[in-house]
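In what follows, a structure is listed as structure tokens, so that the remarks can point back to it.
There are 2 protein chains.
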Amino acid sequence: MKNEKYTISDVAKMLGVSRSTVSRAISNSPGVGDELRKKVLDFVDKIGYKPNTIAQSLSKGKINIIALIFGDVRNPFYADLAFNIQKILSNNGYMVMVFNSEYEEKNEIEFIRLAQQFNFAGLILLTAQTDEIKNELKTVNMPVVLVNRILDSYDGDSVLLDNFQAGYIAVRHLIELGHTYIGFIGGQKNSSAANQRYEGYRQALKNYHLPFNEKSVMYSDLKIETAYEIAKEYVSDIKNRPSALVIINDMTALSFIDYCKKTNIKIPEMLSIVSFDNIVFSAMHDISLTTVSQHVDKMSEHATRLIIKQLEEPDAKSERIILEPKLIIRNSTGPFNPDRFEE
Amino acid sequence: MKNEKYTISDVAKMLGVSRSTVSRAISNSPGVGDELRKKVLDFVDKIGYKPNTIAQSLSKGKINIIALIFGDVRNPFYADLAFNIQKILSNNGYMVMVFNSEYEEKNEIEFIRLAQQFNFAGLILLTAQTDEIKNELKTVNMPVVLVNRILDSYDGDSVLLDNFQAGYIAVRHLIELGHTYIGFIGGQKNSSAANQRYEGYRQALKNYHLPFNEKSVMYSDLKIETAYEIAKEYVSDIKNRPSALVIINDMTALSFIDYCKKTNIKIPEMLSIVSFDNIVFSAMHDISLTTVSQHVDKMSEHATRLIIKQLEEPDAKSERIILEPKLIIRNSTGPFNPDRFEE
Numbered sequence: 002m003k004n005e006k007y008t009i010s011d012v013a014k015m016l017g018v019s020r021s022t023v024s025r026a027i028s029n030s031p032g033v034g035d036e037l038r039k040k041v042l043d044f045v046d047k048i049g050y051k052p053n054t055i056a057q058s059l060s061k062g063k064i065n066i067i068a069l070i071f072g073d074v075r076n077p078f079y080a081d082l083a084f085n086i087q088k089i090l091s092n093n094g095y096m097v098m099v100f101n102s103e104y105e106e107k108n109e110i111e112f113i114r115l116a117q118q119f120n121f122a123g124l125i126l127l128t129a130q131t132d133e134i135k136n137e138l139k140t141v142n143m144p145v146v147l148v149n150r151i152l153d154s155y156d157g158d159s160v161l162l163d164n165f166q167a168g169y170i171a172v173r174h175l176i177e178l179g180h181t182y183i184g185f186i187g188g189q190k191n192s193s194a195a196n197q198r199y200e201g202y203r204q205a206l207k208n209y210h211l212p213f214n215e216k217s218v219m220y221s222d223l224k225i226e227t228a229y230e231i232a233k234e235y236v237s238d239i240k241n242r243p244s245a246l247v248i249i250n251d252m253t254a255l256s257f258i259d260y261c262k263k264t265n266i267k268i269p270e271m272l273s274i275v276s277f278d279n280i281v282f283s284a285m286h287d288i289s290l291t292t293v294s295q296h297v298d299k300m301s302e303h304a305t306r307l308i309i310k311q312l313e314e315p316d317a318k319s320e321r322i323i324l325e326p327k328l329i330i331r332n333s334t335g336p337f338n339p340d341r342f343e344e
Numbered sequence: 002m003k004n005e006k007y008t009i010s011d012v013a014k015m016l017g018v019s020r021s022t023v024s025r026a027i028s029n030s031p032g033v034g035d036e037l038r039k040k041v042l043d044f045v046d047k048i049g050y051k052p053n054t055i056a057q058s059l060s061k062g063k064i065n066i067i068a069l070i071f072g073d074v075r076n077p078f079y080a081d082l083a084f085n086i087q088k089i090l091s092n093n094g095y096m097v098m099v100f101n102s103e104y105e106e107k108n109e110i111e112f113i114r115l116a117q118q119f120n121f122a123g124l125i126l127l128t129a130q131t132d133e134i135k136n137e138l139k140t141v142n143m144p145v146v147l148v149n150r151i152l153d154s155y156d157g158d159s160v161l162l163d164n165f166q167a168g169y170i171a172v173r174h175l176i177e178l179g180h181t182y183i184g185f186i187g188g189q190k191n192s193s194a195a196n197q198r199y200e201g202y203r204q205a206l207k208n209y210h211l212p213f214n215e216k217s218v219m220y221s222d223l224k225i226e227t228a229y230e231i232a233k234e235y236v237s238d239i240k241n242r243p244s245a246l247v248i249i250n251d252m253t254a255l256s257f258i259d260y261c262k263k264t265n266i267k268i269p270e271m272l273s274i275v276s277f278d279n280i281v282f283s284a285m286h287d288i289s290l291t292t293v294s295q296h297v298d299k300m301s302e303h304a305t306r307l308i309i310k311q312l313e314e315p316d317a318k319s320e321r322i323i324l325e326p327k328l329i330i331r332n333s334t335g336p337f338n339p340d341r342f343e344e
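This is how it looks when you write it as structure tokens:
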């Protein structure tokens with residue numbers, strides 16, 4: 002690579018000027034006459050020299066790195082978000098560092114502090130909503146965008162799915178298919194996304210005059226391993242359980258369904274399942290999961306647009322972007338069948 | 002959380018000693034008498050104060066962060082590695098920053114430089130094997146572990162699968178099933194893992210006296226999107242193509258198979274497929290992919306053990322760990338059927 006051959010010192014020597022003149026000319030800083038600036042820029046262009054943007058930003062005390070903090074890199078929804086966000090930010094001159102918190106508040110707080118201590122350019126967070134996190138964010142003096150999370154006292158930029166609506170339309174779909182006993186497998190108890198999906202579930206049951214049963218709600222910590230445990234318990238007493246389930250995310254649903262199929266529970270004949278995320282695997286022919294899309298592309302675009310906006314116009318008004326959920330009907334949901342356990 | 006309430010200054014005030022006395026006592030540094038040290042430690046223990054390890058390491062000019070650089074976070078093999086490596090290192094007091102290079106040498110070099118400029122504790126790399134990367138690594142003065150990659154002139158720690166053997170046993174399995182026309186879908190041309198699997202493929206064909214046909218080799222860049230394109234081309238002329246394929250990784254294979262199933266190509270009846278990685282999805286009931294395990298758990302354990310060894314014993318001998326590949330036979334491979342395209 003031609004542009005890797007020269008350092009800023011080489012360029013200065015070759016032109017017979019000082020290092021700082023080259024640096025100022027390139028960074029469009031004052032202190033260099035127009036003619037000299039043009040000479041430097043033309044030369045730099047000719048030899049293919051590219052300044053090391055990291056070193057440059059380091060010397061200015063500003064690091065063009067955005068930290069992205071989320072729970073579990075093994076969840077393809079987060080992986081897609083990370084991939085898209087990095088792609089867009091990289092086209093805008095920013096690097097992305099991904100932190101995987103394992104949904105641990107302690108880790109999330111440590112990562113937020115780290116981003117501050119390193120003087121990162123900004124933070125994109127998909128973290129828990131505890132008071133500790135809230136308090137930590139109050140001390141942060143850099144651009145922050147919350148993705149798919151809300152905090153009571155936070156009035157900065159955020160982009161989220163209408164998670165209440167998402168829970169609501171998932172249940173409505175099951176009701177339209179004739180299901181009357183509908184369960185819910187929730188997620189982290191301190192996740193606003195999970196809680197609002199649950200509220201949407203409760204509201205839909207209420208609106209359509211369906212009974213709510215405490216026993217039909219279970220919770221997962223979103224870890225893949227946990228989904229199998231929950232499925233095991235569910236299947237052990239499947240005849241007395243709901244005929245349809247709303248599951249908090251695709252990864253949990255896929256693991257749940259996998260356990261069901263391995264124990265000869267037919268999906269959707271014996272149990273209908275709808276979840277959230279629309280990860281790439283859910284569209285695969287042999288998986289074909291009914292799910293509510295979170296529009297990961299749009300979510301990534303807004304998250305990056307908002308952080309860049311804060312970086313470029315620190316006084317711009319903050320925005321709250323709310324994305325409309327979209328139900329994608331595939332083959333994991335089907336009509337209620339009263340004879341589903343008969344041979 | 003009790004331990005979040007106090008700063009080191011609070012502790013100093015409460016004890017009526019200086020900040021540096023508290024700091025020295027906690028970090029077991031000299032300059033504090035045994036009695037005073039005990040007093041500080043007992044008090045700190047009583048009130049539940051925990052020092053901020055990041056700030057502490059920053060003040061020492063050493064950052065307890067390990068950078069992990071790989072191609073695409075959306076590939077569950079990398080996500081699993083990242084998850085495992087982070088879990089183990091975090092139990093040993095290190096944080097992990099994940100960089101997603103999109104398989105771009107330019108990004109990988111930038112990330113390596115960044116890790117150096119930030120004075121990170123170490124680097125774990127699953128990167129390309131170009132001369133540029135090699136040269137960059139020569140300038141790195143921190144612990145480095147290469148995972149599943151080798152470099153000609155590199156004699157540091159590494160952990161890798163015997164990729165030649167992996168390619169070989171994949172083909173041997175297909176030969177045992179009666180296939181004689183076997184194709185290969187490769188990966189990045191500068192990946193030693195991909196190249197050695199290809200060599201294993203060629204060697205197996207040779208050992209069993211099967212013809213090699215240039216036309217039966219295709220290349221993917223490992224991006225999900227590309228796999229569909231390749232499958233499309235393959236299926237368009239499937240009757241003249243190999244009856245069995247070795248595909249460079251599970252993600253590529255899953256996308257390839259998905260395209261096949263959507264166009265009514267039956268797997269394995271019409272086409273047998275074996276790949277590499279054994280990602281969590283490949284074991285799912287409806288996917289059931291025959292694949293060669295890379296032992297992601299062992300790979301992660303060795304990678305972390307080696308980097309910690311370098312950190313703790315800088316003069317320790319370097320090791321090259323070579324893992325034995327393991328063929329996991331599932332339902333994407335089956336016996337050769339000469340009548341496979343007849344109704």
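Residue numbers (this note's numbering), protein chains in the order written: chain A, 2 to 344; chain Z, 2 to 344. We treat Cβ as the ideally placed atom computed from N, Cα and C, and that holds for glycine. Source: prediction; values computed, not measured.
Where does residue i fall in DSSP's three states?
i                      : result
residue 252 of chain A : helix
residue 183 of chain Z : strand
residue 38 of chain Z  : helix
residue 98 of chain A  : strand
residue 50 of chain A  : coil
residue 326 of chain Z : coil
residue 1 of chain Z   : There is no way to answer for residue 1 of chain Z, as the model of chain Z reaches only from 2 to 344.
residue 164 of chain Z : helix
residue 298 of chain A : helix
residue 268 of chain Z : coil
residue 321 of chain A : strand
residue 220 of chain Z : strand
residue 333 of chain Z : coil
residue 22 of chain A  : helix
residue 10 of chain A  : helix
Can you list, in chain order, the residues of its chain with a C-beta nearer than 7 Å to that of residue i? Leave out the 5 residues immediately preceding and following it.
i                      : result
residue 323 of chain Z : 161, 163
residue 288 of chain A : 255, 282
Check whether the Cβ atoms of residue i and residue j lie closer than 8 Å to each other.
i                      : j                      : result
residue 159 of chain Z : residue 321 of chain Z : yes
residue 70 of chain Z  : residue 16 of chain Z  : no
residue 253 of chain A : residue 291 of chain A : no
residue 100 of chain A : residue 67 of chain A  : no
residue 84 of chain Z  : residue 73 of chain A  : yes
residue 208 of chain Z : residue 251 of chain Z : no
residue 277 of chain A : residue 258 of chain A : no
residue 271 of chain Z : residue 165 of chain Z : no
residue 141 of chain Z : residue 117 of chain Z : yes
residue 89 of chain A  : residue 301 of chain A : yes
residue 86 of chain Z  : residue 304 of chain Z : yes
residue 308 of chain A : residue 34 of chain A  : no
Near residue i, what residues of its chain come up, given a Cβ to Cβ distance below 6 Å and the 5 sequence neighbours on each side ignored?
i                      : result
residue 128 of chain Z : 70, 109, 134
residue 5 of chain A   : Reliability fails at residue 5 of chain A, whose pLDDT of 48 lies under 50, so the model's placement of it is uncertain and no value is given.
residue 202 of chain Z : 168, 172, 185, 247
residue 79 of chain A  : 71
residue 310 of chain A : 317
For residue i, collect the residues of the same chain with a Cβ closer than 8 Å to its Cβ; drop the 5 residues on either side in sequence, then sort them by chain order.
i                      : result
residue 19 of chain Z  : 13
residue 43 of chain Z  : none
residue 234 of chain A : 219
residue 179 of chain A : 336, 337
residue 175 of chain A : 183, 245, 247, 273, 275, 334
Given 7 Å as the limit, tell me if residue i has its C-beta closer than that to any heavy atom belonging to the ligand PLP.
i                      : result
residue 266 of chain Z : Although the ligand PLP was asked about, the structure shown includes no ligands whatsoever.
Query raised in the report: On the three-pair Cβ rule with 8 Å, is the stretch 189-198 of chain A touching the stretch 227-239 of chain A?
Result: no
Query raised in the report: At a Cβ cut of 9 Å, what residues of the stretch 69-95 of chain Z count as close to chain A, listed as they run along the chain?
Result: 73, 74, 75, 76, 77, 79, 80, 81, 83, 84, 87, 88, 91
Query raised in the report: Given a limit of 8 Å on CB to CB distance, which residues of the stretch 290-314 of chain A reach chain Z?
Result: none
Query raised in the report: Given 8 Å as the limit, is there contact between the stretch 167-180 of chain Z and the stretch 85-97 of chain Z, that is, 3 or more CB pairs closer than that?
Result: no
**Report entry** the stretch 223-237 of chain Z: positions lying closer than 7 Å to chain A by Cβ
**Finding:** 225
Query raised in the report: Can we say the stretch 178-187 of chain A touches the stretch 211-219 of chain A, given the rule of at least three CB pairs closer than 8 Å?
Result: yes
Query - Where the stretch 135-150 of chain Z meets chain A: residues whose CB sits under 7 Å from a CB there - result: none
Query raised in the report: Mind listing which residues of the stretch 113-128 of chain Z have their C-beta closer than 9 Å to chain A's C-betas, in chain order?
Result: 114, 115, 118, 119
Requested in this report: Determine which residues of the stretch 188-216 of chain Z have a Cβ less than 7 Å from any Cβ of chain A, and write them out in chain order.
Outcome: none
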